[in-house]
Amino acid sequence: MPGTLARRLLVASSLLLVVFLGLAGAALDHAFRQSSDRATRDLLMSRVLGLLAAAEVQPDSAISMRGDLPEERFYRPGSGLYARILDGAGQTVWASPSVAGWAPDDSLPVKPGERRYDRLPGNESGLARLRFGIEWELESGALPTYTVEVAESLAAYAAELGRFRREIGTWFVILGIALVAVQLWLLSYLLKPLGRAVDEIAAMEDGQRERLSDDFPSELRALTGRINDLVVQERSRTTRYRETLDNLAHSLKTPLAVLRSTLSAKGEPPPELAGPVDRIDDIVAYQLARATASGHHGLASETVDVTELAEATAAALVKVHGDKPISCELSIEPGLAFRGDRGDLAEVLGNLMDNAWKWAAGQVRVSARRHNGLSVVVEDDGPGLPPNPDALLDRGTRRDLRPGGQGIGLAVVRDIAADLGGSIEAGVSPLGGARICVQLPPERASGPAG
Amino acid sequence: MRLLIIEDETPLRASVATRLRDAGYVVDEAGDGEEGLWFAREYPQDLAIVDLGLPGIPGMDVIRNLREDGVAFPILVLTARGRWEDKVDGLGAGADDYLVKPFHMEELLARVQALLRRAAGWSHPVLVSGPVALDTRSQEVRVENRKVDLTSFEFRVLECLLMKAGDVVSKAELTEHIYEQDFDRDSNVIEVFVGRLRKKLDPEGTLGPVETLRGRGYRWTLPRAGQPD
């Protein structure tokens with residue numbers, strides 16, 4: 002599942018929040034309706050009792066009202082408050098003036114003592130109705146039964162419910178927003194150490210830090226401590242690796258040097274011996290240079306000042322090619338840095354600049370700038386590359402190349418560039434000679450090659 | 018010219034030393050850094066060849082020590098590591114040139130000659146001074162384009178004087194640049210060599226190339242030439 006931890010947490014807890022608030026809302030709604038239902042029932046009952054208090058039964062069982070009805074709305078037709086009194090046969094014996102034309106079809110009488118509460122569909126919000134059965138003892142000793150029916154419009158109730166729901170809704174929205182906000186704050190508070198770890202790792206990659214700090218929460222410390230250990234291990238492994246290679250180089254090449262000097266001690270060495278020695282020398286030189294290159298990447302890598310290294314290389318070459326008056330122009334973007342291994346960059350600059358020095362008539366130009374990582378261009382005013390320069394850059398030709406030519410140096414540069422995910426290009430310089438351009442991508446995008 | 022080679026691999030050191038002696042140099046051999054530093058302090062060296070992979074004091078530290086001692090002679094580094102980072106750092110630490118092992122002996126000799134010559138302020142392999150021309154590569158000496166045959170010792174004396182043309186070279190200095198041990202410090206030998214040189218280079222006595230400064234030594238008097246600047 003893609004996305005960030007923060008998003009996962011936010012989505013999960015927001016879902017939880019919606020479910021929780023939804024259930025709470027439903028429960029509150031239910032409770033409100035229950036209680037207002039009870040209130041309606043009580044209200045209707047009190048109206049029934051009010052009517053009964055005002056009612057008088059005539060000897061002929063007819064009903065009349067003494068004085069005013071308890072509620073003004075009983076007089077207004079369509080006011081939403083209706084009352085009727087039915088006799089035992091279901092015939093209307095009295096109706097409030099408000100009833101005018103209202104006649105629910107199932108106004109059946111109920112047994113004495115029974116209260117029947119129900120709802121009727123009506124205009125807009127419907128009606129709540131209460132029927133109450135009574136027995137009325139007359140002076141004659143007769144016991145006629147009546148049903149008092151009171152119905153009241155639920156419009157007020159519906160309005161109340163609507164108001165309640167709106168209010169609940171508003172509060173829940175406010176509550177929800179507040180909870181999400183708190184959650185976001187909590188999240189950022191919880192994730193802050195993680196963010197700091199990420200920042201510190203970035204700082205390590207940029208070479209501003211040696212290791213992660215030790216004051217992380219204990220849950221993270223297991224991770225950050227391990228990263229620190231890994232970086233230390235990686236650094237010491239690289240150092241050990243280089244030392245091993247150095248030892249290997251020393252123990253391979255010194256005997257070769259002895260062999261070669263012994264061969265040439267007695268004049269011109271026999272070609273059947275000198276040839277293989279040269280060949281072994283070439284292979285050893287190439288493979289060692291290859292193996293030494295691209296020692297480490299990522300967290301264990303360093304920030305290399307390109308200007309400084311190029312200047313040191315130029316100074317070294319001025320010494321080495323002391324008899325050759327070369328004017329070397331360094332045009333390097335100020336503050337340009339290479340993220341990676343100093344040895345790799347030294348190898349690239351050294352080989353390219355040494356070739357340029359060897360072939361140049363009098364002028365060498367080294368330019369470097371930030372372009373998709375690092376772009377280094379080395380040019381000279383020499384005779385230029387052979388007609389098919391790509392052959393020099395081709396892996397297959399490396400064994401046939403003699404040291405001292407463009408050969409091994411370019412092959413090593415090509416391999417380093419390839420290892421770092423970069424490229425090398427050969428062409429013609431405006432100075433008249435060769436122009437080699439090496440492109441090294443930014444490290445984080447490339448990663449180590451297998 | 019007196020050279021110092023510091024290399025722990027005995028056969029290699031021996032064959033390099035032999036080749037250098039054949040080429041007319043006085044050679045001190047050291048098997049480790051400590052011995053090398055002793056030779057460098059004890060004898061006036063003109064150049065040192067230092068192997069970087071030395072036991073004990075690492076070659077890089079030997080170079081730094083020498084430079085800290087105020088030593089100005091050129092240093093040629095021998096290294097098994099062909100890494101540019103090491104080359105750049107080594108040259109930055111005070112070395113003047115490097116050779117990656119295994120090297121060709123002639124390449125080593127050419128580098129040594131070039132370094133010596135450059136250190137003496139000569140930028141061309143043929144040292145030309147007046148009508149005298151000394152080719153450091155072929156070890157040929159010509160005066161007005163006439164080849165002059167010199168013995169090995171005479172050649173060494175001439176090379177030493179010519180390299181330091183214009184400066185006074187003491188007899189002791191000349192002796193040390195010609196003999197490996199100081200067992201024979203008879204300055205008369207030097208006088209004999211200088212006398213023979215004068216005769217061979219200047220049979221008519223018109224040039225007067227070598228001046229004798231009483232009690233101080235000798236000086237090459239002819240002006241340097243052929244230096245493309």
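Residue numbers (the working numbering), protein chains in the order written: chain A, 2 to 451; chain B, 18 to 246.
Yeah, the Cβ is synthetic: ideal placement off N, Cα and C, and Gly gets one too.
On a predicted model such as this, the values are computed, not experimentally measured, just so you know.
Kindly indicate which three-state DSSP category residue 205 of chain A falls into: helix, strand or coil?
-> Here the question's residue 205 of chain A lines up with position 204 in the first sequence. If DSSP states are grouped into helix, strand and coil, residue 205 of chain A belongs with the helices.
Beta bridge counterpart(s) of residue 246 of chain A as assigned by DSSP | Residue numbering aside, residue 246 of chain A sits at position 245 when the first sequence is read from its first letter. In the DSSP assignment, residue 246 of chain A is bridged to no other residue.
Beta-bridge partners of residue 237 of chain B, as assigned by DSSP | For the purposes of this step, residue 237 of chain B is identified with residue 220 of the second sequence, where counting begins at 1. Beta-bridge pairing by DSSP links residue 237 of chain B to B:227.
In the DSSP assignment, what are the bridge partners of residue 88 of chain A?
-> The residue you call residue 88 of chain A lines up with position 87 of the first sequence. DSSP, once it has assigned bridges, lists A:147 as partnering residue 88 of chain A.
Give me the Cα-Cα distance between residue 31 of chain B and residue 102 of chain B, rounded to the nearest whole angstrom.
-> As a first step, residue 31 of chain B must be located in the second sequence, where it is residue number 14. As a first step, residue 102 of chain B must be located in the second sequence, where it is residue number 85. Here the alpha carbon of residue 31 of chain B sits roughly 29 Å from the alpha carbon of residue 102 of chain B.
Can a CB atom of chain B be found closer than 7 Å to the CB of residue 257 of chain A?
-> Here residue 257 of chain A corresponds to residue number 256 of the first sequence, with the count starting at 1. So yes, residue 257 of chain A belongs to the interface.
Counting only beta-carbon atoms, is residue 137 of chain B nearer than 7 Å to chain A?
-> Translated into the one-based positions of the second sequence, residue 137 of chain B becomes position 120. At a cut-off of 7 Å between beta-carbon atoms, residue 137 of chain B makes no contact with chain A.
For residue 192 of chain A, the three-state DSSP class (helix, strand or coil) = Locating residue 192 of chain A in the first sequence gives position 191, where the first residue counts as 1. In the structure shown, residue 192 of chain A sits in a helix (DSSP, three-state: H, G or I).
Span of the alpha helix (DSSP H) holding residue 34 of chain B?
-> Position 17 of the second sequence holds residue 34 of chain B. For residue 34 of chain B, the enclosing alpha helix (DSSP H) begins and ends at 27-39.
Under three-state DSSP, which class holds residue 328 of chain A?
-> In the first sequence, the residue the question calls residue 328 of chain A occupies position 327. Three-state DSSP puts residue 328 of chain A in a strand.
Mind checking who residue 117 of chain A pairs with in its DSSP beta bridge?
-> Here residue 117 of chain A is taken as the residue at index 116 of the first sequence, counted from 1. Answer by DSSP bridge pairing, in chain order: A:132.
Taking only beta carbons into account, state which residues of the stretch 314-326 of chain A come closer than 8 Å to chain B, listed in chain order.
-> Of all residues in the stretch 314-326 of chain A, 314, 316, 317, 320, 321, 323, 324 have a Cβ within less than 8 Å of some Cβ in chain B.
In chain order, what residues of the same chain lie with their CB nearer than 6 Å to the CB of residue 78 of chain A, ignoring the 5 residues before and after it?
-> Walking along the first sequence from the start, residue 78 of chain A turns up at place 77. So the qualifying residues of the chain are 99, 101.
Straight-line gap, residue 33 of chain A to residue 177 of chain A (C-alpha atoms, nearest Å) = Locating residue 33 of chain A in the first sequence gives position 32, counting from the first residue. Locating residue 177 of chain A in the first sequence gives position 176, counting from the first residue. Going by C-alpha positions, residue 33 of chain A is about 21 Å away from residue 177 of chain A.
For residue 114 of chain B, write down the residues that DSSP places opposite it in a beta bridge.
-> Within the second sequence, the letter at position 97 stands for residue 114 of chain B. Residue 114 of chain B has B:93 as its beta-bridge partners, per DSSP.
Ends of the alpha helix (DSSP H) at residue 77 of chain A?
-> The residue given as residue 77 of chain A occupies position 76 in the first sequence. Per DSSP, residue 77 of chain A lies in no alpha helix (DSSP H) segment and is marked neither H nor E.
In terms of DSSP beta bridges, what is residue 154 of chain A paired with?
-> On the first sequence, residue 154 of chain A is found 153 positions in, with the first residue counted as 1. Beta-bridge pairing links residue 154 of chain A to A:128.
Rounded straight-line distance, which links the Cα of residue 16 of chain A to that of residue 133 of chain A | Here residue 133 of chain A is taken as the residue at index 132 of the first sequence, counted from 1. Here residue 16 of chain A is taken as the residue at index 15 of the first sequence, counted from 1. Straight-line spacing of the CA atoms in residue 133 of chain A and residue 16 of chain A works out to 49 Å.
Interface partners of residue 187 of chain B on chain A, CB under 8 Å = By 1-based counting over the second sequence, the position of residue 187 of chain B is 170. For the C-beta of residue 187 of chain B, not a single chain A residue is nearer than 8 Å; the gap to the nearest is close to 28 Å.
Where residue 15 of chain A sits in the DSSP three-state scheme = Residue 15 of chain A sits at position 14 when you count from the first residue of the first sequence. In this structure, residue 15 of chain A counts as helix in the three-state DSSP scheme.
Listing by chain order, which chain A residues have their CB less than 7 Å from the CB of residue 33 of chain B?
-> Taking the second sequence and counting its residues from 1, the one referred to as residue 33 of chain B is at position 16. Residues of chain A passing the Cβ test: 262.
Where residue 66 of chain A falls: helix, strand or coil (DSSP) = Counting from one through the first sequence, the residue named residue 66 of chain A turns up at place 65. Looking at residue 66 of chain A - three-state DSSP - the assignment turns out to be strand.
Indicate whether residue 180 of chain A and residue 7 of chain A have their beta-carbon atoms separated by less than 7 Å.
-> Numbered from its first residue, the first sequence carries residue 180 of chain A at position 179. Numbered from its first residue, the first sequence carries residue 7 of chain A at position 6. Between residue 180 of chain A and residue 7 of chain A, the gap from beta carbon to beta carbon reaches 7 Å or more.
Measure how close the beta-carbons of residue 142 of chain B and residue 150 of chain B come, nearest whole angstrom, since I'm counting them as under 8 Å.
-> The residue given as residue 142 of chain B occupies position 125 in the second sequence. The residue given as residue 150 of chain B occupies position 133 in the second sequence. Contact doesn't hold; Cβ gap of about 11 Å is too wide.
Please report the Cβ distance between residue 61 of chain B and residue 19 of chain B, rounded to the nearest whole angstrom; I am assuming they are in contact, meaning their Cβ atoms lie under 8 Å.
-> Residue numbering aside, residue 61 of chain B sits at position 44 when the second sequence is read from its first letter. Residue numbering aside, residue 19 of chain B sits at position 2 when the second sequence is read from its first letter. 6 Å between Cβ atoms; contact.
Go ahead and pull the three-state DSSP assignment for residue 405 of chain A.
-> Position 404 of the first sequence, counted from the start, is the residue given in the question as residue 405 of chain A. Because the pLDDT at residue 405 of chain A is just 44, under 50, the model does not fix this residue reliably, and the value given afterwards should be weighed accordingly. In this structure, residue 405 of chain A counts as coil in the three-state DSSP scheme.
Near the ligand ZN: residue 270 of chain A beta-carbon under 6 Å from a heavy atom | Among the components modelled here there is no ligand, and therefore nothing to report on the ligand ZN.
Name, please, each residue of chain B whose Cβ falls closer than 7 Å to the Cβ of residue 289 of chain A.
-> Residue 289 of chain A sits at position 288 when you count from the first residue of the first sequence. Scanning chain B for C-beta atoms nearer than 7 Å to the C-beta of residue 289 of chain A yields 99, reported in chain order.
Three-way DSSP call (helix, strand, coil) for residue 54 of chain B in this model | By one-based count along the second sequence, residue 54 of chain B stands at place 37. DSSP, read as helix, strand or coil, puts residue 54 of chain B in helix.
Show which residues of chain A have a CB atom less than 7 Å away from the CB atom of residue 29 of chain B.
-> By 1-based counting over the second sequence, the position of residue 29 of chain B is 12. Ordered by position in chain A, the residues that pass the 7 Å Cβ test against residue 29 of chain B are 255, 258, 259, 262.
If you measure beta-carbon to beta-carbon, which residues of the stretch 139-167 of chain B are closer than 9 Å to chain A?
-> So the list reads 140, 141, 142, given in the order they occur along the chain.
Is the distance from the Cβ of residue 1 of chain A to the Cβ of residue 114 of chain B below 7 Å?
-> Any answer about residue 1 of chain A is impossible in this case: the structure gives chain A only from 2 up to 451.
Under 7 Å Cβ to Cβ from residue 328 of chain A, same chain only, skipping five residues before and after it: list those, please.
-> Locating residue 328 of chain A in the first sequence gives position 327, counting from the first residue. In its chain, beyond the 5 residues on either side, 363, 364 have a beta carbon closer than 7 Å to the beta carbon of residue 328 of chain A.
Using a Cβ-Cβ cut-off of 7 Å, state whether residue 18 of chain B counts as contacting chain A.
-> Residue numbering aside, residue 18 of chain B sits at position 1 when the second sequence is read from its first letter. Cβ-Cβ to chain A under 7 Å: no for residue 18 of chain B.
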